[in-house]
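Asker: One structure, as structure tokens, below. Some questions next.
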Amino acid sequence: MTSRFKVLFIYPNTEMATLVPINLSLLAPCLKEAGLDVELFDTTYYKWEDINFEQKKVELLQFKPFRYEEKGVHYKETNLFVSGNWVNSNRPE
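So the sequence shown is numbered by numbering that gives the first Met the number 0: it starts at 0 and just counts up by one.
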């Protein structure tokens with residue numbers, strides 16, 4: 000039985016921080032083009048605290064107040080640890 004090589008990128012980003020790592024944007028397509036199965040587990044949209052990174056910037060007067068929902072961005076409904084089961088189920092053999 001031949002199985003494809005699997006790659007799982009885990010991006011442990013802080014809640015709603017809008018920094019996008021360029022390395023994932025470059026590596027994932029290269030690996031897919033080479034025929035590998037590539038997935039990304041991103042923690043950006045999981046709620047961790049009562050106030051997130053972007054809201055702290057508003058408090059410090061670095062940004063104008065805004066609501067993510069008005070822009071169509073929503074938190075994940077599942078618990079991060081429940082979603083961690085997805086990571087375990089997609090482990091390589």
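From the three backbone atoms N, C-alpha and C, an ideal C-beta is built for every residue, glycine too.
1. Nearest to F40 by CA position, among I9, I21 and R3, is which residue?
2. Just the C-alpha distance for A96 and K55, rounded to the nearest angstrom, thanks.
3. Out of Y44, T42 and R3, state which residue places its alpha-carbon closest to the alpha-carbon of E32.
4. I think N12 touches T43, with their Cβ atoms under 8 Å apart; what is that distance to the nearest whole Å?
5. Tell me whether V72 sits in a helix, a strand or coil according to DSSP, three-state version.
6. Got a sec, what are the start and stop residues for the beta strand (DSSP E) L39 sits in?
Answerer: Walking through what the data contain:
1. Looking at the Cα atoms, I9 is the closest of the given residues.
2. What the structure shows of the chain is the stretch from 0 to 92, and residue 96 is not part of that stretch, so it cannot be assessed.
3. Among Y44, T42 and R3, the Cα nearest to that of E32 is on R3.
4. 4 Å
5. coil
6. D36 to D41
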